[in-house]
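Chains as they are written, first to last, in my numbering: chain A, 1 to 251; chain B, 1 to 175.
For each residue, glycine too, the CB sits at the ideal point set by N, CA and C.
No experiment lies behind these values; they were computed from the predicted model shown.
The structure under discussion appears below in the form of structure tokens.
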């Protein structure tokens with residue numbers, strides 16, 4: 001199982017390397033700066049942890065968990081960046097993705113994620129619990145974002161859809177795997193050695209396919225109006241809609 | 001053991017939801033045809049506002065029930081007005097969504113709008129969404145002639161008898 005896991009990790013490195021090469025060479029990184037920074041971080045830490053496994057095997061577990069916990073926290077910022085990217089062309093809901101991310105992550109962090117860290121527990125179980133709960137929080141955030149996008153009938157575009165799909169596959173596998181690891185311990189650890197890199201490999205392959213070519217969603221055309229004028233125009237329109245509805249509420 | 005099943009079920013449901021929403025979104029985009037669009041009404045037009053005044057006005061039903069003594073017809077009218085009110089609110093919601101979905105068109109190099117303006121626009125959008133959901137719920141449950149904002153007139157009965165609100169000395173002084 002370990003050999004398969006290591007082979008899959010190597011495949012992840014190759015896929016990540018391809019994605020990074022393509023993104024940096026094509027200049028796509030400027031569209032998703034946080035995502036590519038996350039990829040660079042993940043590529044270097046995966047390679048580093050891979051090296052540690054061969055050189056200092058006793059340090060491998062600690063190094064792996066440290067990098068993993070940091071990466072799952074950084075993933076929140078990446079999700080915010082992708083949602084910003086989706087709502088960016090729409091003046092009235094430009095901050096919607098960010099607002100949802102802050103509200104859902106903040107609420108679930110206080111009532112669901114942080115309680116997993118504080119009680120004196122076994123380190124391994126606490127880390128697994130933390131990883132599981134953050135994955136669940138991200139899944140809830142993604143599901144809400146998908147529903148809002150659907151509600152407003154917003155075109156997702158190949159890039160953002162692929163990024164969301166990749167994350168969703170990875171998170172779903174983590175959500176199914178971590179409780180099993182918690183419950184069965186070392187008996188399941190062998191499966192996790194393969195399942196976790198396999199899920200991440202699928203995720204990176206989806207990302208690579210989605211970001212092979214960056215396609216801007218909306219082609220901006222010149223109307224001679226500045227952002228401020230457009231913003232004022234949008235505010236006036238929204239106030240008009242609110243007033244139309246308020247008339248009936250106050251009847 | 002049940003926790004494991006719940007987590008596994010959540011993971012499967014989450015993936016299915018994502019796949020369904022993604023594929024539905026794609027088919028919706030590909031089947032969207034501009035000719036099929038019936039066009040959303042302009043809500044600044046008086047005609048639309050007059051129509052809505054008529055839909056939400058209880059006078060016709062009251063006239064049928066009380067002056068002509070046709071309670072069955074009055075109920076039937078109320079029911080059809082309820083359906084009309086729901087359609088009107090949904091059309092307003094659709095027009096709002098169309099408005100929100102209009103992408104920004106810019107001249108090159110125009111400066112960024114400050115984020116406070118962006119949050120203000122978001123608040124107006126969220127406010128409208130909450131109000132329309134509430135209005136639709138009230139119309140569906142109680143009909144178009146129900147008060148949408150609850151009355152607080154009953155609060156005067158909670159006050160003890162003989163207790164009158166006196167203006168404060170400061171208010172008297174200011175007068």
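### Task
Determine contact between the segment 128-139 of chain A and the segment 184-195 of chain A, defined as no fewer than three beta-carbon pairs at a distance below 8 Å.
Contact between the segment 128-139 of chain A and the segment 184-195 of chain A is absent, with fewer than three C-beta pairs closer than 8 Å.
#### Entry: Where residue 170 of chain A sits in the DSSP three-state scheme
One-based indexing of the first chain puts residue 170 of chain A at position 170. If DSSP states are grouped into helix, strand and coil, residue 170 of chain A belongs with the helices.
### Message
Does any residue of chain B have a CB that is nearer than 7 Å to the CB of residue 166 of chain A?
### Response
Reading the first chain from its first residue, position 166 is the one you call residue 166 of chain A. So no, residue 166 of chain A is outside the interface.
### Task
May I have the straight-line CA-CA distance separating residue 4 of chain A from residue 194 of chain A, to the nearest angstrom?
Position 4 of the first chain, counted from the start, is the residue given in the question as residue 4 of chain A. Position 194 of the first chain, counted from the start, is the residue given in the question as residue 194 of chain A. Residue 4 of chain A and residue 194 of chain A have their C-alpha atoms spaced approximately 6 Å apart.
### Query
How about residue 268 of chain A: is its C-beta nearer than 7 Å to some C-beta of chain B?
The structure shown does not extend to residue 268 of chain A, since chain A is modelled only from 1 to 251, so the question has no answer here.
### Task
Might you give, ordered along the chain, the residues of its own chain that have their beta carbon closer than 8 Å to the beta carbon of residue 70 of chain B, omitting 5 neighbours on each side?
The residue you call residue 70 of chain B lines up with position 70 of the second chain. 64.
### Query
Does DSSP put residue 76 of chain A in a helix, a strand or coil?
Position 76 of the first chain, counted from the first residue, corresponds to residue 76 of chain A. Helix.
### Query
Is residue 176 of chain B helix, strand or coil by DSSP?
Nothing can be reported for residue 176 of chain B, as the shown portion of chain B is limited to 1 through 175.
### Query
Could you give the distance in angstroms between the alpha-carbon of residue 197 of chain B and the alpha-carbon of residue 137 of chain B?
Residue 197 of chain B lies beyond the range of chain B shown here (1 to 175); nothing can be said about it.
### Task
Sort B/77, B/96, B/53 and B/142 by Cα distance to residue 130 of chain B and report the nearest one.
The sequence position of residue 130 of chain B within the second chain is 130, counting from 1. Put simply, of B/77, B/96, B/53 and B/142 the residue whose alpha carbon is nearest the alpha carbon of residue 130 of chain B is B/96.
### Message
Are the CB atoms of residue 234 of chain A and residue 91 of chain A within a distance shorter than 7 Å?
### Response
Residue numbering aside, residue 91 of chain A sits at position 91 when the first chain is read from its first letter. Residue numbering aside, residue 234 of chain A sits at position 234 when the first chain is read from its first letter. The criterion of a C-beta distance shorter than 7 Å is satisfied by residue 91 of chain A and residue 234 of chain A.
### Query
I think residue 92 of chain B touches residue 244 of chain A, with their Cβ atoms under 8 Å apart; what is that distance to the nearest whole Å?
Stepping through the second chain from its first residue, residue 92 of chain B is reached at position 92. Stepping through the first chain from its first residue, residue 244 of chain A is reached at position 244. With a Cβ gap of about 7 Å, residue 92 of chain B and residue 244 of chain A count as contacting.
### Residues that residue 125 of chain B contacts on chain A, provided the C-beta gap is smaller than 8 Å
On the second chain, position 125 is the one that residue 125 of chain B refers to. Going along chain A in sequence order, the residues near residue 125 of chain B (Cβ under 8 Å) are 92, 93, 96 and 238.
#### Entry: Residue span of the alpha helix (DSSP H) that contains residue 12 of chain A, given as start and end
For the purposes of this step, residue 12 of chain A is taken as residue 12 along the first chain, with counting starting at 1. Unbroken alpha helix (DSSP H) run through residue 12 of chain A: 2-26.
### Query
For residue 176 of chain A versus residue 9 of chain B, is the C-beta spacing smaller than 7 Å?
Along the first chain, one-based indexing puts residue 176 of chain A at 176. Along the second chain, one-based indexing puts residue 9 of chain B at 9. Contact: no.
### Query
Taking 7 Å as the CB-CB limit, is residue 2 of chain B close to chain A?
Working through the second chain from its first residue, we reach residue 2 of chain B at position 2. Taking Cβ atoms only, chain A never reaches closer than 7 Å to residue 2 of chain B, which makes this a no.
### Query
In whole angstroms, what separates the C-alpha of residue 253 of chain A from that of residue 69 of chain A?
Given a span of 1 to 251 for chain A in the structure shown, any question on residue 253 of chain A remains unanswerable.
### Query
From residue 131 of chain A to residue 237 of chain A, what distance separates their C-alpha atoms?
Walking along the first chain from the start, residue 131 of chain A turns up at place 131. Walking along the first chain from the start, residue 237 of chain A turns up at place 237. Looking at the backbone, the Cα of residue 131 of chain A and that of residue 237 of chain A are separated by about 44 Å.
### Task
Verify the CB distance criterion: does residue 38 of chain B have a CB-CB separation below 7 Å to chain A?
As a first step, residue 38 of chain B must be located in the second chain, where it is residue number 38. Residue confidence is low: residue 38 of chain B scores 48 on pLDDT, short of 50, so the model does not pin down where it sits. Its coordinate-derived value is still stated next. Contact with chain A is absent for residue 38 of chain B, since none of that chain's Cβ atoms lies less than 7 Å from the residue's Cβ.
### Task
Check the Cβ-Cβ distances between residue 91 of chain B and every residue of chain A, and say whether any is below 7 Å.
The sequence position of residue 91 of chain B within the second chain is 91, counting from 1. No - not a single Cβ of chain A is within 7 Å of the one on residue 91 of chain B.
### Query
Does any CB atom of chain A fall closer than 7 Å to the CB of residue 98 of chain B?
By 1-based counting over the second chain, the position of residue 98 of chain B is 98. For residue 98 of chain B, the closest Cβ of chain A is not nearer than 7 Å.
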